[in-house]
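Written below as structure tokens is the structure these notes are about.
2 protein chains.
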Amino acid sequence: MVPLSDAQAHYLFGVMRLGVGAVLSLFNGHDGEWDGAVVQAGKRAGLLCVQGQTAPLIAPPDLWLLFAPVKKARTDVIVEKAVELGVARIVPVLTDYTNAERLRADKMQAHVIEAAEQCGATHLPEVAAPQKLALVLADWPAGRDLWFCDEARRGSPAGAQALPGPGAVLVGPEGGFSPAERAHLATKPFATGISLGPRILRAETAAIAALTLWQVTRGDWR
Amino acid sequence: MVPLSDAQAHYLFGVMRLGVGAVLSLFNGHDGEWDGAVVQAGKRAGLLCVQGQTAPLIAPPDLWLLFAPVKKARTDVIVEKAVELGVARIVPVLTDYTNAERLRADKMQAHVIEAAEQCGATHLPEVAAPQKLALVLADWPAGRDLWFCDEARRGSPAGAQALPGPGAVLVGPEGGFSPAERAHLATKPFATGISLGPRILRAETAAIAALTLWQVTRGDWR
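Those protein sequences? They're chains A and B, same order as listed.
The first sequence lines up with residues 137 to 358 when you count with the numbering used here.
The second sequence lines up with residues 137 to 358 when you count with the numbering used here.
As structure tokens, this is what we get:
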């Protein structure tokens, strides 16, 4: 039996007007997808009964997405696409050129759940609290390498890199990284600049392209 | 000297309130980007004087994007991303499961121009009139190969394919291709099914991922 939160009960019984016996797809981020039938349809005491499993958990590879938040609509797109493309952890980073409204990790986590519901994902990436890029780099875990997308740099395409192990992709803000950030990244042995072609890409496009390249060379699209 | 259309003059002088001497970035899809100064600021007789070139033309590789139109907002995203990622031609195709509102190629062409203005592209992909997929396949040009994104098929990742020559990427509608379409595609020697990983991707995400893989293995991201 799965008790529902007030918000869930309100949505299912107040908005969607479901009744006892209606069957839903359930997921919790860890156990795949299951059918669940409505047993009690009270707005304050909703209860579902879990039935058979309908899809296995598809856990993402150990891939982090670090991104400099942009305007809300595009930040929402980046979060949604990170869920679709299979990211384990989302880390908003504040860079020299980041120009974002106040960020709330809890709202981004809620958006992760919504995106997973929409695209049928069974895993929920964790959203970290926003942190300054310099602090993230100073506290970088051993054994994890980082691809950063650098428009100013004509690095080798990401396809050339196919090392095993945990990874991360870093996408800068519109306007790119500052010269100081670029110099700082160059001192980090775990960081590699990758090229995303000769055109200027929006932040969300760069994120999708970089995650795609990571997945196909190192992740579970191989 | 570049005369302005009524719509351009209205935007520049009516909405943006530019005056004589203001400098703009100009592009026509063929000659790169140029500075242009306002010489005459009449709402019916706007005139710009072309000055120095500020960016060269970055022509895309000979890559077509075929896609089954989805809802308008997502179709707009696909068109915008095709411009950003460097596509030469956009072909809306109607498939068995296509469920789109009435499509207008002229509106999509206008959206191409807007997307290019936004991302600083210097080339404008041509938008073809919407056509039935079967007809497009029947009339396929010799020497051009086609990658189609097939969720039902666990093909080799696109990265394994690195043939030279003109190409195309085909993205189906939400819901994928019908069994008949799949069977039809399988009979075409120029068509290869590619895998975009184990997760369900939205149409626009699949388009961006497939174009990225094409560009990095066969296009100008190499």
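The beta carbon of each residue, even a glycine, is placed where N, CA and C say it ideally should be.
Just curious, the alpha helix (DSSP H) that residue i is in, first and last residue?
i                      : result
residue 211 of chain A : 208-221
residue 177 of chain A : Not the alpha helix (DSSP H): residue 177 of chain A falls in the beta strand (DSSP E), residues 169-177.
residue 347 of chain B : 339-353
Taking the beta strand (DSSP E) that residue i belongs to, which residues open and close that run?
i                      : result
residue 190 of chain A : 182-191
residue 330 of chain A : 327-330
residue 310 of chain A : Counting along the chain, residue 310 of chain A falls outside any beta strand (DSSP E), and DSSP gives it neither H nor E.
residue 248 of chain B : Not the beta strand (DSSP E): residue 248 of chain B falls in the alpha helix (DSSP H), residues 241-255.
residue 281 of chain A : 281-285
residue 163 of chain B : 159-163
Check the DSSP bridge columns for residue i and list the partner residues they point to.
i                      : result
residue 229 of chain B : B/267
residue 304 of chain A : A/200 and A/282
residue 138 of chain B : B/184
residue 262 of chain B : B/225
Restricting to Cα atoms, I'd like to know which of the options is closest to residue i.
i                      : options                       : result
residue 164 of chain B : B/324, B/154 and B/253        : B/253
residue 146 of chain A : A/177, A/278 and A/321        : A/177
residue 255 of chain A : A/227, A/280, A/286 and A/220 : A/220
residue 356 of chain A : A/140, A/324 and A/197        : A/197
residue 161 of chain A : A/180, A/150, A/191 and A/179 : A/191
residue 278 of chain B : B/267, B/304 and B/258        : B/304
residue 139 of chain A : A/301, A/193 and A/181        : A/181
residue 244 of chain A : A/261, A/330, A/235 and A/234 : A/261
residue 326 of chain A : A/334, A/352 and A/275        : A/275
residue 148 of chain A : A/137, A/173 and A/169        : A/173
residue 324 of chain B : B/353, B/334 and B/282        : B/282
residue 234 of chain B : B/334, B/154, B/151 and B/269 : B/269
residue 222 of chain A : A/358, A/353 and A/347        : A/347
residue 208 of chain B : B/238, B/227, B/193 and B/229 : B/238
Classify residue i as buried or exposed, calling it buried when 16 or more other Cβ atoms lie within 10 Å of its own Cβ.
i                      : result
residue 167 of chain B : exposed
residue 175 of chain B : exposed
residue 186 of chain A : exposed
residue 217 of chain A : buried
residue 157 of chain A : exposed
residue 271 of chain A : exposed
Near residue i, which residues of its chain fall below 8 Å by C-beta distance, leaving aside the five closest residues on each side in sequence?
i                      : result
residue 339 of chain A : 203, 204, 206, 210, 214, 307, 308, 309 and 310
residue 212 of chain A : 247
residue 142 of chain A : 179 and 180
Can you give me the Cβ contacts of residue i inside the same chain, cut-off strictly under 7 Å, excluding the 5 residues immediately before and after it?
i                      : result
residue 232 of chain B : 314, 316 and 317
residue 345 of chain A : 332 and 337
For residue i, which residues from the same chain have a beta carbon less than 6 Å from its beta carbon, with the 5 sequence-adjacent residues on both sides left out?
i                      : result
residue 241 of chain B : 263 and 265
residue 342 of chain A : 285, 307 and 332
residue 171 of chain A : 159, 187, 188 and 190
Shorter than 7 Å, the distance from the beta carbon of residue i to the closest heavy atom of the ligand NAD, or not?
i                      : result
residue 277 of chain A : Because no ligand of any kind appears in the structure shown, any question about the ligand NAD cannot be addressed here.
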